[in-house]
Structures are given as structure tokens and as C-alpha cells.
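Residue 0 is where the sequence shown starts when you use numbering that gives the first Met the number 0, and the numbers rise one by one after that. The C-beta atom is built at its ideal place from N, Cα and C for all residues, glycine as well. In this text the structure is predicted, and so the values were computed from the model without any measurement.
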Amino acid sequence: MPGSRALLVVVCLAIAAYFVRSVPEISGDGRLAFVYAVVDHHTLEVDRYARQLPIIREDLALYDGREYMAKPPLPALVAIPAYAVLRLAFPPADMDSYWWRWVLTLFVSGLSFVATALLVERLAIEARLPAPRLAAFATALATPLVVYATLFMATALSAALLAALALATLRRRAMTVGFLFGALVSTDTIVGAGALVPVAMLGIEALKARSLGRTARIIVGAALGLLPTFAYQAAVFGSPLASMYTHLSDPQQRAAFAAVQVGLPQPDIVLALLFSPRNGLFIVAPIALLGAALLVRLRRHDDACRRLVVISAAMAAATVLALATLPRELVFWPFRAEYGPRLLVPILPLLCWPLAWLSMRVLAPLTFVGAIPQLAAVTLLEPMLNPAATYQTGEILRRLVDDAPTQSLPGLALPPAVPERMWVGWLAFFAASMAGLAAF
């Protein structure tokens, strides 16, 4: 129904817009510095912004005495048009401009979050399952995707691209599959490794059919998707194949990446990524474990559903295994503040669309209960930047009582005369979210 689809979009946007970060976020702020430098100063160098906020140097690259963004460039490139248009009416940003941070985060991560929910619904419809929209709500609200929708990281965009890739593979869109693979590499290299699976699937089908045209479309699409990365590395580091990570400003990170030796996936790392209390994907998103179990159940469904099961399972497994091939010190980086295993969060749409097979009577309460810690995590995200803490469900609920609430739109909208207006704004948001979800 169109009305409930509009509700899905509004709910996702409202939650993504809730949080207004007023303190630095190293990974996202390095990307923002790049956006500001390109639009306002027509340069790729971010030195002036690093001087304004020296903490972001931990995540920048140093080359020929200049500082540059050291991230795959696509998330920042997506933000450039929005910033350029808004700059026609508003003054330029600096690293203390938390309203600019909020607007651009909403544009990139918030809209990606909405797109992911809609794509999960479409995947479930393609599989002919009975509750596609509720599965989309469950994916959006009952998993850590909702947390990363409020951060200017690659996570939300990667999730949307990965879900779109599954859909394009199901429909055998050769050029789109190639392009989305390249775009994923230009967004998040680890997720790009998982995206090799559909490229290989369609490539093998094209070879079997002796279709040079389909093969060429995959290659051309991949080249277009990889263009941002190759162009950025060539412009900054002198070669399209240069590695930005070997120029990291932080000596510890630079040494770790310079000596990377990829090996076979380690079983203990895989188990830790999926089930450990600190890093377990299925610990912070137990509803995804149910979805993964349903993938196995749905392999006996009709042909379209069976193909989607194979695509989803293979892409998710390849992403987990690709991450597990890295050295332990990179997988569990000591200074990484994250909610669950951040690099695996993009596979959640692939694991959650099968939830649409459940009846509404079963899936609705599961979504409601699963959303409670996720929405609580959104409201308490600012304290979670402390990397010494653990951010699992118990920690989130403890912080509901112990920590001051973070800055939010409802709190900022209240007049300063309201006592503890951030608490009042948080309580109003959380109560309204739960009431609205229960009513739906």
C-alpha cells in the first residue's frame, strides 16, 4: 500500500535526522573536510581543516607534506553536490559547524538508510513473500543499520549498494552489477570483496552463453564504478593503483597497513565477528540470525526465491570471510569505537529480507522488541565514541540511566527554559517512536 510505504520513508528519515552530533567523529569528519575543501577552496588538500580540528589527523593521509582524506572517496563525492547547492544560500562550513555535519550526514547516510529499507521490501516482493514491508521495517529499526544512519561513515551507503546489487543480480542486469561492484569498492573495500560474488556469477553465465556483450557490460560497469577511486588515488598519490593506507598520518595505523598479509579466513575470527559479546553481529542484531536461518528454509522455495537465497547467502558469507582473512589487529582495531562489527553491518539487508516469510503476527512483535535497543543506541550514540566501552545491548540500556542524553532535534526544538530539555526531547522521541511502531 502506498500509504505504508510513505510511512516507512518518513519513519526512517525521522530517525536518521534525530541525532545532531556536536563533537568530532574522526572518520566522518575527515570526509567532511574533503567535501568542504573541494567546494570552497577547489583543492583536494584538507590541511586547513586539520588545523581547525587536529584530531582528524589520525584518519588522514600525509603525502608530500600535505594532508588528504584517506578513505574510499564515493561517500564524500556523493555529499559534494548537496553541499555545493546549499552553499549558494548558506555560509561556508568549518570543522565546528555541527549543523553542516548534520545536514550532510542526513543526505548521505540518512537517504541511504531509506533506500536500504525500500530495497529490502523489493527483494522480499521479488521472492514472493507475504510481509515485505514489515521485513523492511524490521531491517531498518531492529538492527544496527539505524545507528549507522546517523553517522557520516560508509556503512549506510554500503548497505544500500549491497542490497541494490542483490536485486540487480537477481534481474541479471550485467552493467548495473558491474557498476555497483565498482561503487562498493569505491565505498568500502571489504564489502567490495563480497560483491565479487555476483560479478563472478554473471560472468560465468555470460561465458557459458558465449555472450561477449554481457561480459563487456560487466567490465564497463565495473570500470565506471571504480573510476572515483582510481581518479582520486591518481590525483593525490600519483597513481590509480596507489594505496592511500600506506600514507596514513598515524604511525601505528600506517605500520599496520604497510605489513598487511592476507591469509585464509580464521574460524575464531569468524565466530567472534558473528557471536562474541563485543563484536558479534548476531548479538547486536538477533533478528538477523533468524533471517539467516530462514535463508536456509527458503532455499526450497520457487526458482526466483532460490536464486535470491543463493545470491544473498553467498554475498554475506564472502564478506564475512573476506574480513576474516585480515590480521586480527586490523579486524579488531584497538581504537575502533563501533556498535557491533561495523564492517559487517552492510550485509544485514541480505540476511533480513527473508523475515518477510514470517506471518505478521510473529514478525510484528519481533520487530518491536528488536527496535528497543537500537533506538536507544541512537539516542545514546555520542557517549559510544569512547573506544574503551562495550556497546552491546546491556551497555546501551545501562546508559539510559547513567549517562546524559545526546543533542537531538526534539531537544534543540524545546525552549532553553525547559529543565533538562535534552532529556525531555529524548524521552518524547523514544516514547513517540515506540508508540508509533506499536500502532503500526
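Whole-angstrom distance between residue j and residue i, CA atom to CA atom
i      : j      : result
Leu374 : Pro414 : 24 Å
Glu24  : Val283 : 22 Å
Gly212 : Arg305 : 26 Å
Pro404 : Ala412 : 15 Å
Leu206 : Ala159 : 29 Å
Leu195 : Phe18  : 34 Å
Arg299 : Ala291 : 14 Å
Arg127 : Ala75  : 36 Å
Leu426 : Thr378 : 9 Å
Val10  : Val146 : 14 Å
Ala376 : Tyr82  : 28 Å
Phe428 : Trp332 : 33 Å
Ile203 : Ala165 : 16 Å
Pro470 : Ala163 : Residue numbering for the chain in the displayed model covers 0 to 439; residue 470 lies beyond these limits and cannot be assessed.
Asn476 : Asp267 : Nothing can be reported for residue 476, as the shown portion of the chain is limited to 0 through 439.
Phe106 : Val45  : 21 Å
Ala208 : Gly177 : 18 Å
Phe136 : Pro364 : 12 Å
Leu122 : Val269 : 26 Å
His246 : Phe229 : 16 Å
Leu329 : Ala69  : 16 Å
Residues near residue i by beta carbon distance below 7 Å, same chain, minus five either side
i      : result
Ala312 : Leu294
His40  : none
Val368 : none
Ser3   : Arg132
Ala182 : Leu73, Leu160, Gly224
Integer-rounded CB distance, given that residue j should sit under 8 Å from residue i
i      : j      : result
Leu322 : Leu280 : Leu322 to Leu280, Cβ: 11 Å. No contact.
Leu342 : Ile189 : 5 Å
Leu133 : Leu362 : 5 Å
Phe151 : Leu103 : 6 Å
Tyr338 : Pro197 : Incorrect: roughly 28 Å between the Cβ atoms, too far for contact.
Ala16  : Leu408 : 6 Å
Val219 : Met174 : 6 Å
Ala97  : Ser26  : Checking the sequence, you will find Tyr at residue 97 rather than Ala. Wrong, their Cβ atoms sit about 16 Å apart, outside the cutoff.
Thr149 : Ser108 : 7 Å
Limits of the unbroken alpha helix (DSSP H) element including residue i
i      : result
Trp433 : The sequence shown places Met at residue 433, rather than the Trp named in the question. Run containing Met433: 420 to 438, per the alpha helix (DSSP H) assignment.
Leu408 : 408 to 412
Tyr457 : Because the chain spans 0 through 439 in this model, residue 457 falls outside it and cannot be assessed.
Arg121 : 110 to 125
Tyr48  : 46 to 51
Leu85  : 73 to 85
Met359 : 359 to 378
Arg327 : 327 to 330
Pro348 : 347 to 351
Ala233 : 211 to 236
Ala162 : 154 to 169
Val344 : Neither: Val344 is in no alpha helix (DSSP H) and is coded neither H nor E.
Glu204 : 195 to 207
Ala137 : 131 to 140
Val269 : 266 to 274
Gly29  : 25 to 40
Heavy atom of the ligand HEM within 7 Å of residue i beta-carbon
i      : result
Thr138 : Here there are no bound small molecules, and the ligand HEM is not part of this structure.
Unbroken beta strand (DSSP E) run spanning residue i, endpoints
i      : result
Met314 : Note, Met314: premise wrong, no beta strand (DSSP E); alpha helix (DSSP H) at 302 to 323.
Arg65  : 65 to 68
Tyr62  : 59 to 62
Sequence-distant residues of the same chain with beta carbon closer than 6 Å to residue i, five excluded per side
i      : result
Tyr231 : Pro72
Ser157 : Thr186, Asp187, Val190, Pro345
Ala431 : none
Met433 : none
Phe439 : none
8 Å Cβ shell around residue i - same chain, five flanking residues per side excluded
i      : result
Ala49  : Ala32, Ile55, Arg56, Leu59, Glu66
Leu85  : Val102
Thr138 : Thr115, Ala116, Val119, Leu144, Leu347, Pro348, Cys351, Trp352, Leu354
Arg216 : Ala173, Met174, Gly177
Pro285 : Gly369
For the region 415 to 429 against the region 348 to 367, are there 3 or more C-beta pairs whose distance is under 8 Å?
no
So, do the region 85 to 96 and the region 30 to 39 have three or more beta carbon pairs nearer to each other than 8 Å?
yes
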